[in-house]
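**Q** Top to bottom, those sequences are chains A and B.
Counting in my numbering, the final residue of the first sequence is number 441, and the numbers go up one at a time with none missing.
Counting in my numbering, the final residue of the second sequence is number 241, and the numbers go up one at a time with none missing.
Ideal Cβ positions, reconstructed from N, Cα and C, are used throughout, including at glycine.
Please read these numbers as outputs of a predicted model, since none were measured by experiment.
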Amino acid sequence: MKLFFVILICKLLKFAGGIIGRGSSMPGQLALKLYPDILSKIKLPEFIIAVTGSNGKTSTVEMTARILQSNGKSVAYNKEGSNQIEGVATLILSNCSLTGKMKSDILLIESDERYARYTFNYFHPTHYIMTNLYRDQLTRNGHPQWVYEALSHSIHDDTRLILNADDPLISCFGVDKENTAWFGVDKLASSIDHNDGVYNDGLYCPICGEKMSYDYYHYNHIGAYCCDKCGFKKHKTDYTVTSADMDKGEIVINGKFTIPLAFTGMYNIYNILAAFAACSIAGIDGEAIAKSIGNYMIKNGRIMRFRLGSHNGTLLTSKHENSVSYDQSLKYIASKAEQCSVLIIVDAISRKYFTGETSWLWDINFDHLNCEHVKNIYLSGTYVNDLALRFSFTGIPSEKIKPVADIGQCIDYISENGDEKLYCVTCFSDKDKLLSRVEVL
Amino acid sequence: MAIKILHLYNNLMNLYGEYANISILDRHIRQQGANAEITRSDSCNGLSPADFDFIYIGSGTEKAQKRALADLMTKRQELKAAADNGTVMLFTGNAFEMLGSFITDDSGKKYEALSLSEFETTESFKKRITGDAVCTCRFIEKDFVGFINKCSNTTGIKSPLFTMKLGYGNCENDKGEGIRINNVFGTHLIGPILVKNPHFTRYILNLIAEKTGEFIYRDFVNPYEQEAYDTTLRELNKRMV
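Set out below in structure tokens:
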């Protein structure tokens with residue numbers, strides 16, 4: 001009877017919250033207060049797929065949901081920002097009957113890395129995608145090894161892991177777990193023979209601590225590594241991007257499924273691959289997956305087109321406090337031959353909490369922008385001086401660097417000058433400061 | 001002659017952009033009309049502390065710190081001699097803990113450390129201690145800004161380097177943070193603290209100038225350095241009202 005009432009309250013709050021536009025964690029939060037182990041009382045679907053990792057969670061979840069739904073499955077999944085236990089509780093309780101039975105075929109959960117162990121205390125996912133572990137929000141997360149330890153407590157024996165074989169730290173979770181499914185990207189034309197980041201998190205073996213060597217890198221420490229001392233190396237992959245044609249904008253998975261890309265960034269390829277792996281395991285045919293994800297542009301506002309004066313613009317939402325995320329955006333810009341300018345805004349470091357910590361700027365390889373086709377680099381926001389100081393340590397000619405503290409003034413200036421392609425690289429916390437001043441297409 | 005800089009464990013102990021401390025020091029030394037010769041190494045094998053005018057170690061994971069410490073202990077006596085001799089050194093983040101007598105890890109295992117001073121550090125994996133920091137220093141007029149990111153408590157420091165106005169000190173309920181032993185500076189502030197605190201860079205440069213006689217220090221401020229510091233201090237001060 002208690003279950004019935006708590007579910008009812010949660011549903012009513014969710015409904016009311018929907019009307020007044022409140023966040024989706026609150027109903028679950030209250031439900032957990034009234035009935036702390038309620039999540040263990042719900043009859044969950046046969047497939048419970050969880051997604052965690054530093055980057056790519058939201059996009060992987062969104063693509064997985066799209067594929068499953070377009071192939072006739074009903075999916076309940078949480079939207080960005082409600083990935084701790086309260087958000088997951090809201091998701092589950094608002095999608096189950098008043099008797100406590102979930103109606104969907106598949107429950108798909110984005111889970112915060114540090115809090116996954118609390119959520120999965122009450123039920124265990126059947127499948128668990130782990131995308132990557134980067135230096136991400138270290139002001140809360142400590143460091144990647146610290147997050148690894150926290151995540152290790154969220155893994156249970158009855159969960160099948162779906163791991164990124166190209167990430168050494170993530171791969172440690174699969175050591176001695178024989179039913180693990182692995183995904184990864186083979187050597188591509190875009191692969192490189194050195195780590196192109198400012199720092200090298202793939203230098204030492206996460207198992208034994210000795211030096212590792214790489215056959216190739218895709219970006220930062222993601223690639224084909226091998227420890228000569230203990231033998232730890234990139235695992236053979238079950239789901240593999242076997243080739244890619246970035247000019248044409250398509251990838252081939254497992255040698256036979258061609259997927260045209262709406263966006264050629266490397267991280268998009270990994271997200272598609274992770275979704276492909278999960279959906280294959282859930283029983284969807286490879287051909288059908290390719291059909292439902294081909295040319296798909298994620299709808300979560302990470303990549304947006306806009307117009308400013310005579311400039312055609314693209315917003316590449318990146319994460320402050322996450323150097324790999326920035327590096328990926330910068331490399332994407334560098335990979336395009338078209339003349340362009342770049343606007344970087346660092347105003348509020350986080351939308352969820354305050355910090356004045358800017359060390360992460362030094363972990364970003366801004367030298368990726370040191371190429372002929374990048375004409376101007378505009379810097380703006382509260383931390384404009386930190387940005388300008390950081391850029392003074394790159395090889396980029398100083399006359400290209402244009403710091404304008406005030407975001408409005410900076411955008412007005414760009415609007416009135418030039419007609420080249422414009423990229424804006426900034427975070428969720430700051431992107432509306434751009435979008436409110438441009439014509440979003 | 002060049003100013004000889006040693007950045008030890010530049011890969012192993014470089015979690016938060018620490019390498020930039022060396023970049024900014026290098027730039028300033030050149031602006032003083034001197035030259036810097038920088039040695040970067042993940043091991044002190046084959047290196048002698050006495051050969052350097054400035055030695056720097058940054059923050060690493062708890063695991064990396066133990067590896068670095070094991071390596072560094074092979075040069076314990078020479079480091080002690082260099083410290084006694086007034087060599088300027090900076091240990092930031094959990095490298096600071098290596099200056100004490102012992103570090104006890106989360107499992108209770110005790111690691112002998114450099115013992116430049118009689119203090120001890122105990123790690124706990126239960127909780128990460130993170131937060132912005134503003135602190136004062138007895139011998140430098142301006143406030144320091146930075147960030148603490150650790151999982152340990154340090155006890156036994158009677159005369160700390162900083163007094164915290166904002167942020168976590170050496171241990172719980174302790175406003176004291178870090179230590180100074182002769183010209184050796186240890187603090188749990190992480191990342192490029194010389195970039196964030198131009199007054200500290202000036203202070204270190206002065207010490208190096210006095211010690212080496214390679215240049216006579218004259219004030220030199222690069223664009224954006226002071227402004228970046230002012231911004232961070234202003235933003236952090238807003239949090240303290």
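Please go through the same chain and pick out, in chain order, the residues whose beta-carbon is closer than 6 angstroms to the beta-carbon of residue 302 of chain A, but skip the five residues on each side of it.
**A** Taking the first residue of the first sequence as position 1, residue 302 of chain A is located at position 302. The residues are 317.
**Q** Should residue 144 of chain A and residue 128 of chain A be called a contact, given that it needs their Cβ atoms to be closer than 8 angstroms?
**A** Position 144 of the first sequence, counting from 1, holds the residue named residue 144 of chain A. Position 128 of the first sequence, counting from 1, holds the residue named residue 128 of chain A. Cβ atoms of residue 144 of chain A and residue 128 of chain A: not closer than 8 angstroms.
**Q** Looking at the strands, I want to know which residues DSSP matches up with residue 216 of chain A.
**A** Within the first sequence, the letter at position 216 stands for residue 216 of chain A. DSSP output for residue 216 of chain A lists A:224 as bridge partner(s).
**Q** Considering Cα atoms alone, identify which of A:336, A:427, A:397, A:358 is closest to residue 387 of chain A.
**A** The count along the first sequence starts at 1 and reaches residue 387 of chain A at position 387. Cα-wise, what sits closest to residue 387 of chain A is A:358.
**Q** Would you mind telling me which residues of chain B sit closer than 9 angstroms to residue 140 of chain A, beta carbon to beta carbon, in chain order?
**A** Sequence index remark: in the first sequence, residue 140 of chain A carries index 140 (1-based). Result: 128, 130.
**Q** State the DSSP-derived secondary structure class of residue 221 of chain B, mapped to helix, strand or coil.
**A** Start at 1 with the first residue of the second sequence, and residue 221 of chain B comes out as number 221. In the structure shown, residue 221 of chain B sits in coil (DSSP, three-state: anything other than H, G, I, E or B).
**Q** Quick one: what does DSSP say residue 143 of chain B is sitting in, helix, strand or coil?
**A** Taking the second sequence and counting its residues from 1, one reaches residue 143 of chain B at position 143. Here residue 143 of chain B sits in strand by DSSP.
**Q** Could you check if residue 12 of chain B belongs to the surroundings of the ligand COA, using beta carbon to heavy atom distance under 7 angstroms?
**A** By its list of ligands, the structure shown contains no ligand whatsoever, and the ligand COA lies outside what it can speak to.
**Q** Identify which residue in B:11, B:201, B:197 has its Cα closest to the Cα of residue 233 of chain B.
**A** For the purposes of this step, residue 233 of chain B is taken as residue 233 along the second sequence, with counting starting at 1. Checking every option, the nearest Cα to that of residue 233 of chain B belongs to B:197.
**Q** Can you check whether the C-beta of residue 277 of chain A is within less than 8 angstroms of a C-beta belonging to chain B?
**A** The sequence position of residue 277 of chain A within the first sequence is 277, counting from 1. No, no contact with chain B.
**Q** Would you kindly check if the distance between the Cβ of residue 3 of chain B and the Cβ of residue 29 of chain B is under 8 angstroms?
**A** On the second sequence, residue 29 of chain B is found 29 positions in, with the first residue counted as 1. On the second sequence, residue 3 of chain B is found 3 positions in, with the first residue counted as 1. It is a contact, given that the beta carbons lie within the stated cut-off.
**Q** Going along the chain, which residues of the stretch 52 to 79 of chain B sit with their C-beta nearer than 7 angstroms to a C-beta in chain A?
**A** Per Cβ criterion, the list reads 61, 63, 67.
**Q** Hey, quick one: how far does the beta strand (DSSP E) through residue 129 of chain A stretch, first residue to last?
**A** Sequence index remark: in the first sequence, residue 129 of chain A carries index 129 (1-based). First-last of the beta strand (DSSP E) with residue 129 of chain A: 127 to 130.
**Q** Is residue 27 of chain A helix, strand or coil by DSSP?
**A** By one-based count along the first sequence, residue 27 of chain A stands at place 27. It is helical.
**Q** Whose C-beta lies closer than 7 angstroms to the C-beta of residue 307 of chain A among residues of the same chain, with five residues either side of it excluded?
**A** The count along the first sequence starts at 1 and reaches residue 307 of chain A at position 307. Once the five neighbours on either side are set aside, the close Cβ partners of residue 307 of chain A are 313, 438, 439, 441.
**Q** Alpha carbons only, please: which of B:50, B:73, B:191 is nearest the one belonging to residue 82 of chain B?
**A** Here the question's residue 82 of chain B lines up with position 82 in the second sequence. Taking only the C-alpha atoms, the option nearest residue 82 of chain B is B:50.
**Q** What residues are listed by DSSP as bridge partners for residue 177 of chain B?
**A** To locate residue 177 of chain B, count along the second sequence from 1; it is residue 177. DSSP lists B:162 as partners of residue 177 of chain B.
**Q** Counting only the same chain and skipping the five closest in sequence on each side, list residues whose C-beta sits under 6 angstroms from that of residue 51 of chain A.
**A** Sequence index remark: in the first sequence, residue 51 of chain A carries index 51 (1-based). Only 57, 60, 61, 110, 129 meet the Cβ criterion.
**Q** List the endpoints of the continuous alpha helix (DSSP H) containing residue 146 of chain A.
**A** Position 146 of the first sequence, counted from the start, is the residue given in the question as residue 146 of chain A. Where residue 146 of chain A is concerned, the enclosing alpha helix (DSSP H) stretches over 144 to 152.
**Q** If residue 59 of chain B and residue 93 of chain B are in contact, beta carbons under 8 angstroms, what's the gap, nearest whole angstrom?
**A** On the second sequence, residue 59 of chain B is found 59 positions in, with the first residue counted as 1. On the second sequence, residue 93 of chain B is found 93 positions in, with the first residue counted as 1. Going by Cβ atoms, the distance from residue 59 of chain B to residue 93 of chain B rounds to 2 angstroms, so yes, they are a contact pair.
**Q** Looking only at its chain, what residues have a beta carbon closer than 8 angstroms to the beta carbon of residue 86 of chain A, apart from the 5 residues adjacent to it on each side?
**A** Position 86 of the first sequence, counting from 1, holds the residue named residue 86 of chain A. Cβ within range, chain order: 25, 26, 28, 29, 32.
**Q** Consider the Cβ of residue 195 of chain B: report whether some Cβ of chain A lies at a distance smaller than 8 angstroms.
**A** In the second sequence, counting from the first residue as 1, residue 195 of chain B sits at position 195. Closer than 8 angstroms to some Cβ of chain A, the Cβ of residue 195 of chain B qualifies, so yes.
**Q** The beta strand (DSSP E) spanning residue 340 of chain A covers which residue range?
**A** Sequence index remark: in the first sequence, residue 340 of chain A carries index 340 (1-based). That run of the beta strand (DSSP E) goes 340 to 345.
**Q** Please check the pair residue 168 of chain B and residue 129 of chain B, which I expect to be a contact at CB under 8 angstroms, by giving their CB distance rounded to whole angstroms.
**A** What you label residue 168 of chain B is simply residue 168 of the second sequence in a count that begins at 1. What you label residue 129 of chain B is simply residue 129 of the second sequence in a count that begins at 1. About 5 angstroms separates the two Cβ atoms, so the contact holds.
**Q** Give me the Cβ distance between residue 65 of chain B and residue 220 of chain B, rounded to the nearest whole Å; I'm assuming they're in contact under 8 angstroms.
**A** Counting from one through the second sequence, the residue named residue 65 of chain B turns up at place 65. Counting from one through the second sequence, the residue named residue 220 of chain B turns up at place 220. Going by Cβ atoms, the distance from residue 65 of chain B to residue 220 of chain B rounds to 34 angstroms, so no, they are not a contact pair.
**Q** Show which residues of chain B have a CB atom less than 7 angstroms away from the CB atom of residue 199 of chain A.
**A** Your numbering for residue 199 of chain A matches position 199 in the first sequence. Result: 14.
**Q** The beta strand (DSSP E) that contains residue 456 of chain A, what's its start and end?
**A** Given that chain A is displayed from residue 1 to residue 441, the structure contains no residue 456 of chain A and the question cannot be resolved.
**Q** Can you give me the C-alpha to C-alpha distance between residue 423 of chain A and residue 56 of chain B, rounded to a whole angstrom?
**A** On the first sequence, position 423 is the one that residue 423 of chain A refers to. On the second sequence, position 56 is the one that residue 56 of chain B refers to. Whole-angstrom Cα-Cα distance: 38 angstroms.
**Q** Exposed or buried, residue 108 of chain B, counting other C-beta atoms within 10 Å across all chains shown (16 or more means buried)?
**A** One-based indexing of the second sequence puts residue 108 of chain B at position 108. When all chains shown are included, residue 108 of chain B counts as exposed.
**Q** Please confirm whether residue 196 of chain A has its beta-carbon closer than 8 angstroms to some beta-carbon of chain B.
**A** For the purposes of this step, residue 196 of chain A is taken as residue 196 along the first sequence, with counting starting at 1. Judged by the 8 angstroms Cβ criterion, residue 196 of chain A is not in contact with chain B.
**Q** Looking at the unbroken beta strand (DSSP E) that takes in residue 199 of chain B, where does it start and where does it end?
**A** Position 199 of the second sequence, counted from the first residue, corresponds to residue 199 of chain B. Taken as a continuous stretch (DSSP letters only), residue 199 of chain B belongs to no beta strand (DSSP E), being part of the alpha helix (DSSP H) at 198 to 212.
**Q** Using a beta-carbon distance below 8 angstroms, is residue 33 of chain B in contact with chain A?
**A** Looking up residue 33 of chain B in the second sequence gives position 33. Answer no: the Cβ-Cβ gap between residue 33 of chain B and chain A never drops below 8 angstroms.
**Q** Near residue 182 of chain B, what residues of its chain come up, given a Cβ to Cβ distance below 8 angstroms and the 5 sequence neighbours on each side ignored?
**A** Numbered from its first residue, the second sequence carries residue 182 of chain B at position 182. Closer than 8 angstroms at Cβ, skipping near neighbours: 83, 84, 86.
**Q** Would the stretch 11 to 20 of chain B and the stretch 408 to 426 of chain A be scored as touching if the rule is three or more Cβ pairs under 8 angstroms?
**A** At 8 angstroms Cβ cutoff, the stretches do not touch.
**Q** Nearest by alpha-carbon distance to residue 41 of chain B: which of B:8, B:52, B:25 is it?
**A** The residue labelled residue 41 of chain B in the question sits at position 41 within the second sequence. Out of B:8, B:52, B:25, B:8 has the C-alpha closest to the C-alpha of residue 41 of chain B.
**Q** Whether or not the stretch 192 to 199 of chain A and the stretch 351 to 365 of chain A are in contact is what I'm after, with contact meaning three or more pairs of Cβ atoms, one per stretch, closer than 8 angstroms; do they touch?
**A** Output reads yes: the stretch 192 to 199 of chain A touches the stretch 351 to 365 of chain A.
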